[in-house]
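FYI, the numbering for the sequence shown is -23 to -1, 1 to 146, going by mature numbering (1 follows the signal peptide of the UniProt record, and there is no 0). By construction, the Cβ of each residue, glycine as well, lies at the ideal position given by its N, Cα and C atoms. Model, not experiment: these values are computed from the prediction. Here's the structure, in structure tokens; my notes come after.
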Amino acid sequence: MNRIVSAVLACCVPMLFPTGTSANEERFLDSLAGDYAGQGQVRLRTDRKPITVSCTFASTTSGDSLSLKGRCRGLVVVSRAVGVDLKVSGGTYRGSYIGAGSGPASLSGRRKGEALNLTIGWAKKVNGDRRANLSVAKAGNDGLTLTTTDRDPSSGKMVTTSRITLQRR
């Protein structure tokens, strides 16, 4: 009988008393809020040379959600809106991404340490498929690094298609 009671308690007590994962995620998201500026490089396709860009972003959070909106400029005349909207539930992040020119993309993934590791589901094929990766990583207390990687269709290797380093203003 004690084994049955122990098994029931081990199974059900964690559901009755949350472990604080949600509070941990909210604290992490809150630490990302602010206005950022920086620069980096972007490849429009895996087989093209990178373009140097300058970017500004505003990051707002509200409990279990993050909104990161900005603009990147390169080559004097190229300017593109970039945005990430995420919501966390049970440790899983889901949301949307704009910025690739293929239309809004879906995002899903988890946090590992100080980084959100997300899978991008493009609205249409980009670089031969509909999948890529996005990392939103804290860089110290006042920095963010946004990195996208995608598989090059000709070589099969993963290529960094953008890496933008930002500092809080």
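Going by DSSP, what residues sit across from residue i in a beta bridge?
i: Gly51; result: Val30, Val55
i: Leu12; result: In the sequence under discussion, the amino acid at residue 12 is Asp, which differs from the Leu named in the question. According to DSSP, Asp12 bridges with Ala35.
i: Leu123; result: Val113, Ile141
i: Leu63; result: Leu43, Gly72
i: Gly17; result: Val30, Ile141
i: Arg128; result: Met135
For residue i, count neighbouring C-beta atoms within 10 Å of its own C-beta (all shown protein chains included) and say buried if the count is 16 or more, exposed if not.
i: Val55; result: exposed
i: Gly80; result: exposed
i: Gly117; result: exposed
i: Thr(-3); result: Residue confidence for Thr(-3) is low, a pLDDT of 47 falling below 50, so the modelled location carries little weight; the figure read from the coordinates is stated next. So Thr(-3) ends up on the exposed side.
i: Leu52; result: exposed
i: Ala77; result: buried
i: Asn1; result: exposed
i: Asp127; result: buried
i: Ala14; result: exposed
i: Gly86; result: buried
i: Gly47; result: buried
For the ligand GDP, any of its heavy atoms closer than 6 Å to the Cβ of residue i?
i: Ser73; result: What this structure holds is no ligand at all, so the ligand GDP is not there to describe.
Between the C-alpha atoms of residue i and residue j, what's the straight-line distance to the nearest angstrom?
i: residue 157; j: Ser73; result: Lying outside -23 to 146, the shown extent of the chain, residue 157 is not represented and no answer is given.
i: Phe34; j: Asp24; result: 27 Å
i: Thr96; j: Asn110; result: 5 Å
i: Leu6; j: Ala58; result: 22 Å
i: Gln18; j: Leu143; result: 12 Å
i: Thr29; j: Gly120; result: 19 Å
i: Ser8; j: Ile141; result: 18 Å
Look up residue i in the DSSP assignment and say whether it is helix, strand or coil.
i: Arg4; result: helix
Next item on the list: Would you mind listing the alpha helix (DSSP H) stretches within the region 76 to 109 that are 4+ residues and don't spill past its ends, in chain order?
Entry: none
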